[in-house]
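Here's the structure we're looking at; comments come further down.
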Amino acid sequence: MNISGGPVGDKLGAAVELADAEWRKAGGAGPDGVEVALLAAGHVALRSASDPDGHVLIFTPGEWAAFTAGVHDGEFDLP
Numbered sequence: 085m086n087i088s089g090g091p092v093g094d095k096l097g098a099a100v101e102l103a104d105a106e107w108r109k110a111g112g113a114g115p116d117g118v119e120v121a122l123l124a125a126g127h128v129a130l131r132s133a134s135d136p137d138g139h140v141l142i143f144t145p146g147e148w149a150a151f152t153a154g155v156h157d158g159e160f161d162l163p
């Protein structure tokens, strides 16, 4: 799997193994939703449920906390 065109882990300074990741699908999202997996050191992986072999985004614990806080606060709601 890739992250930004390079091997997963390039941005983390260490290899990240995603083959054994336990992916969980967001509830109520349907087939086009997203899946998340908890990784070592609190990192979180995010991918498209409809393209599980596609690109994966890796978030640090701080980035994930900021993202989920924005979701809960309605920061990404459509007008």
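Residue numbers 85 to 163, in the numbering used here, belong to the letters of the sequence shown in order. Note that CB positions come from ideal geometry on N, CA and C, so glycine has one too. Computed from a prediction, not measured in an experiment: that's the story for all the values here.
DSSP places V140 in the coil class of the three-state scheme, outside both helix and strand. If you look at E147, you'll find it in the alpha helix (DSSP H) that goes 145-156.
Within the model, the alpha-carbon separation for G138 versus L130 is close to 11 Å.
Counting every other CB atom within 10 Å of its CB across the protein chains shown gives V155 a total below 16, marking it as exposed. The Cβ-Cβ distance between S132 and V120 does not fall below 8 Å.
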